[in-house]
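Residue numbers (this note's numbering), protein chains in the order written: chain A, 8 to 300; chain B, 284 to 551.
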């Protein structure tokens with residue numbers, strides 16, 4: 008497990024709409040790890056995933072996945088996009104997962120008994136992996152957000168990928184559901200021995216489960232174990248403003264008490280992780296954030 | 284009623300068109316593009332009246348106009364979404380232009396009604412063969428693109444990542460919709476395309492859990508509605524299109540009721 012799951016080299020720049028979201032970065036993500044991808048909205052989390060999927064070619068440098076250049080339709084990658092539209096509510100989860108299996112192939116569907124049995128086996132296998140066998144017959148409209156997320160996760164596991172890209176799977180889940188999803192992903196990552204890149208805008212639900220963290224800010228990236236990255240000096244350098252990290256009761260609290268000229272970084276951190284200044288109550292904090300913005 | 288050639292042609296044409304409409308309609312509803320079919324039919328009206336004006340069979344004018352409009356819609360793609368006013372204006376202008384073409388061609392006053400509300404009893408053997416060949420071609424095309432189309436309709440981002448060309452799927456599908464719309468207009472008229480294309484497919488989707496169940500059910504419903512519509516017209520002398528639209532509405536209401544009653548039937 009010494010090879011990289013994915014790497015940006017060259018150094019690589021990823022741009023979106025003419026603007027570099029990541030500017031001349033170079034890093035390697037080790038394989039077989041559960042990696043948290045953190046950053047504010049617009050910091051480039053989705054763009055990074057789309058570049059690994061071969062959907063966003065790098066403006067400069069190279070993007071590689073398991074040593075080969077990133078390309079579309081890479082079967083080594085399983086993907087859970089940040090879902091926008093809702094599939095038809097009357098459809099069952101099993102039908103949704105089955106549509107994703109072989110969904111990229113044109114031509115007549117193979118109707119032979121053997122291949123149909125094989126398809127059914129693969130669908131049942133991934134459903135069982137996420138404990139969704141019993142959910143799979145119910146219409147999607149009757150499932151909770153967490154249950155739907157499990158079905159989408161099952162879908163990402165089709166074809167036994169070696170790298171899972173999970174884009175904000177915790178969005179719109181309440182905290183207890185979020186913890187369940189994280190521990191399920193952690194279990195799958197260990198049992199299947201795969202690499203996981205899990206993006207989130209808050210680190211705390213992921214804290215106990217992560218091996219590594221990849222933080223994106225201001226076009227730059229830092230990767231490493233949580234304890235070495237989520238520290239005052241590293242984050243201060245990355246965000247370009249003084250930041251302290253405190254552990255309070257098993258939670259990480261990122262403290263930034265910036266003067267007016269730190270308005271930008273303050274907002275970034277506000278969106279990025281917990282931002283609590285022990286000397287302020289919530290109202291003061293919000294007011295200060297508005298004033299400096 | 285089977286003693287007359289025109290009735291046999293009417294049944295056959297309705298059946299041929301119903302099968303294609305239901306299949307295309309299923310994906311249309313799945314993709315949330317139901318109004319694309321409606322919009323295409325309006326543009327088709329202009330094509331049909333234009334064809335009459337220059338002495339060509341209206342079906343070819345319909346086809347040419349809907350296919351061009353379908354291609355246009357697919358290529359504009361994203362940029363078209365949320366442009367209700369612009370789309371509405373194009374439709375209104377198309378209908379107005381169609382009216383003008385009819386005005387120049389004053390010989391048949393019934394032509395307008397036939398185009399707007401369909402004229403399945405006027406289908407002759409030659410049109411029937413054309414409809415059948417077009418349907419068959421479209422169904423084969425639909426089979427060939429079925430898996431990427433379903434995948435891209437349900438989860439576009441995931442499909443794109445797995446290498447499905449979303450634009451190609453979208454263009455190819457809208458061409459199929461265009462052909463189906465043109466065929467449908469032949470039976471129920473440009474104003475009632477919804478009844479055959481969207482009604483049965485939407486009803487089927489309400490009460491089934493998978494395409495494997497929904498597609499056949501949609502076809503079955505469309506076939507029943509179309510054939511009963513023709514038969515109903517024979518018995519009552521009321522227009523075929525009225526019967527088809529009434530049945531389509533009734534079936535949709537029943538499907539809503541079935542879906543609302545919980546899960547009394549599990550068809551998947």
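No residue lacks a Cβ here, since even glycine has one placed at the ideal position from N, Cα and C.
(request) Mind listing, in chain order, the continuous alpha helix (DSSP H) runs of no fewer than 4 residues lying wholly within the region 202-255 of chain A? (result) Taking only runs of at least 4 residues, the alpha helix (DSSP H) segments lying wholly in the region 202-255 of chain A are 233-236, 239-246.
(message) I want to check one thing, is the minimum distance from the CB of residue 438/B to the heavy atoms of the ligand NAP below 7 Å?
(response) As far as ligands go, the structure on display features none, and thus does not contain the ligand NAP.
(message) Let's test the definition: count the other Cβ atoms within 10 Å of the Cβ of residue 167/A and tell me whether it reaches 16, buried, or not, exposed.
(response) Exposed, because fewer than 16 other Cβ atoms sit within 10 Å of the Cβ of residue 167/A.
(request) Sort 44/A, 101/A, 27/A, 85/A by Cα distance to residue 217/A and report the nearest one. (result) When only C-alpha atoms are compared, the closest one is 44/A.
(request) For my contact list, residue 165/A and residue 129/A are in at a C-beta cut-off of 8 Å; report their separation, rounded to the angstrom. (result) The pair is a contact, with the Cβ atoms about 6 Å apart (cut-off 8 Å).
(message) So for residue 30/A, helix, strand or coil by DSSP?
(response) The answer is strand: DSSP assigns residue 30/A an E or B state.
(request) Check whether the Cβ of residue 480/B lies closer than 8 Å to any Cβ atom in chain A. (result) So, not an interface residue.
(message) At a CB distance below 7 Å, what residues from the region 428-449 of chain B approach chain A? Give them in sequence order.
(response) From the region 428-449 of chain B, only 428, 429, 430, 431, 433, 434, 437, 438, 440, 441, 442, 443, 444, 445, 446, 447 have a Cβ closer than 7 Å to chain A.
(message) Buried or exposed, going by whether 16 or more other CB atoms sit within 10 Å of the CB of residue 310/B?
(response) When all chains shown are included, residue 310/B counts as buried.
(message) Which residues in chain B have a C-beta closer than 9 Å to the C-beta of residue 107/A? List them in chain order.
(response) Per Cβ cutoff of 9 Å: 434, 437, 438, 441, 442, 445.
(message) Alpha carbons only, please: which of 386/B, 468/B, 544/B, 295/B is nearest the one belonging to residue 348/B?
(response) Taking only the C-alpha atoms, the option nearest residue 348/B is 468/B.
(request) Would you list the residues sitting across from residue 42/A in a DSSP beta bridge? (result) BP columns for residue 42/A point to 204/A, 219/A.
(message) I need the straight-line Cα distance from residue 275/A to residue 69/A, nearest angstrom please.
(response) Bear in mind that the predicted position of residue 275/A carries a pLDDT of just 40, short of 50, making it unreliable; the figure below should be weighed with that in mind. When rounded, the distance between both Cα atoms is 27 Å.
(message) Just to make sure I have the definition right: I need the residues of chain B whose C-beta is within less than 8 Å of the C-beta of residue 155/A. Which are they?
(response) Against residue 155/A, chain B offers no close residue; the least beta-carbon distance is about 12 Å (beta-carbon pairs closer than 8 Å).
(request) Find the residues of chain B that neighbour residue 208/A, judging by a C-beta separation of less than 7 Å, and give them in chain order. (result) Ordered by position in chain B, no residue passes the 7 Å Cβ test against residue 208/A, which lies about 19 Å from the chain.
(request) Look at the alpha carbon of residue 107/A and the alpha carbon of residue 509/B, and state the distance between them as a whole number of angstroms. (result) For residue 107/A and residue 509/B, the distance between alpha carbons rounds to 33 Å.
(request) State the DSSP-derived secondary structure class of residue 175/A, mapped to helix, strand or coil. (result) Residue 175/A: coil per DSSP, three-state reduction.
(request) Can you tell me which of 408/B, 393/B, 535/B puts its alpha carbon nearest to the alpha carbon of residue 402/B? (result) Ranked by Cα distance from residue 402/B, the options 408/B, 393/B, 535/B are led by 393/B.
(request) Give the range of the beta strand (DSSP E) segment to which residue 258/A is assigned. (result) Residues 258-262.
(request) Check the Cβ-Cβ distances between residue 494/B and every residue of chain A, and say whether any is below 8 Å. (result) Answer yes: the Cβ-Cβ gap between residue 494/B and chain A drops below 8 Å somewhere.
(request) Quick one: using the 10 Å Cβ neighbour count with 16 as the cut-off for buried, is residue 292/B buried or exposed? (result) The residue is buried, with at least 16 neighbouring Cβ atoms inside 10 Å.
(request) Report the neighbours of residue 542/B on chain A: residues whose CB is nearer than 8 Å to its CB, in chain order. (result) At a C-beta separation below 8 Å, residue 542/B has these neighbours in chain A: 97.
(request) If I'm right that residue 455/B touches residue 312/B with Cβ under 8 Å, what's the distance once you round it to whole angstroms? (result) By a beta-carbon distance limit of 8 Å, residue 455/B does not contact residue 312/B. Their separation comes to about 18 Å.
(request) With DSSP as the reference, label residue 75/A as helix, strand or coil. (result) Reduced to three states, the DSSP call for residue 75/A is strand.
(request) Give every residue of the same chain whose Cβ lies closer than 6 Å to the Cβ of residue 266/A, excluding the five residues on either side of it in the sequence, and list them in chain order. (result) Bear in mind that a pLDDT of 39 at residue 266/A, under 50, signals an unreliable position, so the number given afterwards is only what the model happens to contain. Counting only Cβ-Cβ distances below 6 Å, and skipping sequence neighbours, we find nothing.
(message) My parser needs the alpha helix (DSSP H) runs of 4 or more residues fully inside the region 459-493 of chain B; what are they?
(response) Runs found: 476-480, 482-490.
(request) Would you verify that the beta carbon of residue 539/B is, or is not, closer than 8 Å to some beta carbon of chain A? (result) Taking CB atoms only, residue 539/B has no neighbour in chain A less than 8 Å away.
(message) Any beta carbon of chain A sitting closer than 8 Å to that of residue 425/B?
(response) So no, residue 425/B is outside the interface.
(request) Rank 253/A, 228/A, 233/A by C-alpha distance to the C-alpha of residue 246/A and give the top, closest one. (result) The residue with the shortest Cα to Cα distance from residue 246/A is 228/A.
(request) Could you work out which residues of chain A lie near residue 316/B, taking near to mean beta carbons separated by less than 7 Å? (result) Within chain A, not a single residue places a beta-carbon under 7 Å from that of residue 316/B; the smallest gap is close to 12 Å.
(request) Spell out whether any CB of chain A is found under 8 Å from the CB atom of residue 469/B. (result) Not an interface residue.
(message) Assuming contact is defined by CB atoms lying nearer than 8 Å, are residue 480/B and residue 464/B in contact in what I supplied?
(response) Yes, they are a contact pair.
(request) Output the distance between the C-alpha atoms of residue 321/B and residue 353/B, rounded to the nearest integer angstrom. (result) Approximately 11 Å, taken between the alpha carbons.
(request) Please list the segments of the beta strand (DSSP E) lying wholly inside the region 139-177 of chain A, counting only runs of 3 or more residues, in order along the chain. (result) Counting whole runs of 3 or more residues, the region 139-177 of chain A contains the beta strand (DSSP E) stretches 170-173.
(request) Please compile the residues from chain B whose C-beta is within a distance smaller than 8 Å of the C-beta of residue 112/A. (result) Ordered by position in chain B, the residues that pass the 8 Å Cβ test against residue 112/A are 430, 431.
(message) Cβ closer than 7 Å: which chain B residues qualify as neighbours of residue 102/A?
(response) 492, 493, 494, 551, listed in chain order.
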